[in-house]
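J.: Following this message is one structure expressed as structure tokens.
There are 2 protein chains.
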Amino acid sequence: MTVPGPPLAAIAAALREQRERAGLSLTELARRAGVAKSTLSQLESGAGNPSVETLWALAVALGVPFSQLVEPPAPPVRVVRAGQGPLVPSERAHFTGSLLAAGPPHGRRDIYVITLEPGPEHRQAQPHIPGTVEHLIVAAGRVRTGPADQVVELGPGDYAAFAGDVPHAYEAMEPGTWAVLVMEHR
Amino acid sequence: MTVPGPPLAAIAAALREQRERAGLSLTELARRAGVAKSTLSQLESGAGNPSVETLWALAVALGVPFSQLVEPPAPPVRVVRAGQGPLVPSERAHFTGSLLAAGPPHGRRDIYVITLEPGPEHRQAQPHIPGTVEHLIVAAGRVRTGPADQVVELGPGDYAAFAGDVPHAYEAMEPGTWAVLVMEHR
DNA sequence: CCGAGGTGTTCGTCAAATCGAACGATCTGA
DNA sequence: TCAGATCGTTCGATTTGACGAACACCTCGG
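Chains as they are written, first to last, in the numbering used here: chain S, 1 to 186; chain Y, 1001 to 1186.
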């Protein structure tokens, strides 16, 4: 999984970056957000595990959405290797399920089965409409896919999700490669 | 742009909703996330102000993005562009794509990878909430599935969709059977 | 020279979040 | 009916985050 742990360092970096971008001093931001400047200092230094309340106040004072502080570098590609996803209750024997992606409250998801054969790089010429997210689960073979600058290689059972509204590639590495593609657009 | 206050109640509601949607008990979710169930209980009851670390662990265990827990009231403003028809294989030059099912304008689809092993007995899956539709694409092996009175056998690449709110079976016919399951519920 | 006002950091204290254990309430199978 | 296993809640003990007051440092201006 690409989820090492709590993005404490990421929050620290995002806080400092957003604060400097807003041209605020640590003291001033702390005053506006109503938090102690000592708290903010420790947060920016990477130490500490802020509460939602505290982080929310800082986000409001900075004028940025909450999610931008906790997920600053929106992971362009989310990969779940085979057998690495969180397991879903196996209410029955002989059945193990791995939840790859929860459905958004609204939006559509179209289900495809795609087959690819090795050859010249198959770069998608035109991206899809904005907001599109593609989910790919390789059934057999190997596929190199992802945004142009972050291509990952997937094997059977591997899962990857990435934005579909930017140029991205689909390249089969072996004959007989096929996969399930769920295209989500909001 | 300043929203009223910390979405404590929203987080509580989102936690409970996502947990029930994943079919997890409070105890089980707490165990997987590595947090005390007492903590989770208080969070879902609206009391408490979770730390980022705690909330992150819960988000990972639930398989949902962090932001979905803190910003559940996503703006229902959604535009499905007119004329945005389903993609056909001819539009995707370098591989063949087969549209299996178009997503409903509202509702959600959760993506799973499931592995099944043959057993001496197979029990029927418990029905899900009304309106649930299951889409299954077999990646490897063979699966007998479908409503109790209409069981079909699927091989690699085969696709089947059926109502999930009636008793239905999942039975692997070969070792190493796995498939992609998209569970759709409105 | 030296106080005034600013920066960000470190310290002790207190409230609160988290934890572990025990609780009553359901169920299920013996 | 009872033992066992769940469910979710509540309770006290402990950890820890948030606070406020100092702190060292820097830059002006009297």
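Beta carbons are placed, not taken as given, at the ideal position from N, Cα and C, and that holds for glycine.
1. Considering just the uninterrupted stretch of the beta strand (DSSP E) at L154 (chain S), what are its terminal residues?
2. Chain S beta carbons: is any one of them nearer than 8 Å to that of G1157 (chain Y)?
3. Report the residues of the region 49-64 of chain S with a CB closer than 8 Å to any CB of chain Y, ordered along the chain.
4. Would S67 (chain S) and S1067 (chain Y) qualify as a contact pair, given that the criterion is a beta-carbon distance under 8 Å?
5. Grab me the residues of W1035 (chain Y)'s own chain with a C-beta within less than 8 Å of its C-beta, minus the 5 sequence neighbours each way, in chain order.
6. Quick one: residues in its chain with C-beta nearer than 7 Å to the C-beta of I114 (chain S), no 5 flanking neighbours on either side, listed in chain order?
7. Using a Cβ-Cβ cutoff of less than 8 Å, which residues in the same chain neighbour V1079 (chain Y) once the five nearest sequence positions on both sides are dropped?
8. So L1062 (chain Y) packs on A1022 (chain Y), CB below 8 Å; how close in whole Å?
9. Go ahead and pull the three-state DSSP assignment for A22 (chain S).
10. Go ahead and pull the three-state DSSP assignment for E174 (chain S).
11. Report the three-state DSSP secondary structure of E17 (chain S) (helix, strand or coil).
12. Quick one: grab the DSSP three-state call for E1071 (chain Y).
13. Beta-carbon within less than 7 Å of K1037 (chain Y)'s beta-carbon, same chain only, minus the 5 sequence neighbours each way: which residues are those?
14. Determine the burial state of G1155 (chain Y): buried for a count of at least 16 other Cβ atoms within 10 Å of its Cβ, exposed for fewer.
15. Is E153 (chain S) closer than 8 Å to R144 (chain S) when the C-beta atoms are compared?
16. In or out: P1175 (chain Y) buried (at least 16 other Cβ within 10 Å) or exposed?
17. Using three-state DSSP, classify E53 (chain S) as helix, strand or coil.
18. With a cut-off of 8 Å on the beta carbons, I'd call L1116 (chain Y) and A1172 (chain Y) a contact; round off their distance for me.
19. Which same chain residues, not among the five before or five after A1009 (chain Y), have their C-beta less than 7 Å away from its C-beta?
20. N49 (chain S): which of S:Q18, S:T132, S:L24, S:I11 sits nearest, CA to CA?
21. By the criterion of Cβ-Cβ separation under 9 Å, what are the contact partners of S41 (chain S) in chain Y?
T.: So, from the data block:
1. Run containing L154 (chain S): 152-154, per the beta strand (DSSP E) assignment.
2. Under the Cβ distance rule, G1157 (chain Y) counts among the residues neighbouring chain S, one pair being separated by less than 8 Å.
3. Identification of residues in the region 49-64 of chain S having a C-beta nearer than 8 Å to some C-beta of chain Y yields N49, P50, S51, V52, E53, L55, W56, A57, V60, G63, given in sequence order.
4. Contact flag set, yes.
5. Sequence check: residue 1035 (chain Y) is Val here, not Trp. So the list reads T1054, A1057, L1058, once near-sequence residues are dropped.
6. Here the set comprises W178, A179, L181.
7. For V1079 (chain Y), the predicted structure reports a pLDDT of 19, less than 50, and the residue's modelled location is therefore unreliable. The matter cannot be settled from this model.
8. Going by Cβ atoms, the distance from L1062 (chain Y) to A1022 (chain Y) rounds to 6 Å, so yes, they are a contact pair.
9. It is coil, neither helix nor strand.
10. DSSP places E174 (chain S) outside both helix and strand once states are collapsed to three, so it counts as coil.
11. Assignment of E17 (chain S) by DSSP, reduced to helix, strand and coil, places it in the helix class.
12. Here E1071 (chain Y) sits in coil by DSSP.
13. The residues are L1026, T1027, A1030.
14. With fewer than 16 Cβ atoms within 10 Å of its Cβ, G1155 (chain Y) is classed as exposed.
15. A contact, by the Cβ cut-off of 8 Å.
16. Burial call: exposed.
17. Helix.
18. L1116 (chain Y) to A1172 (chain Y), Cβ: 4 Å. Contact.
19. These residues qualify, in order along the chain: G1046.
20. Ranking S:Q18, S:T132, S:L24, S:I11 by Cα distance to N49 (chain S) puts S:I11 first.
21. Listed along chain Y, no residue sits closer than 9 Å to S41 (chain S) by beta-carbon distance, the nearest being about 17 Å off.
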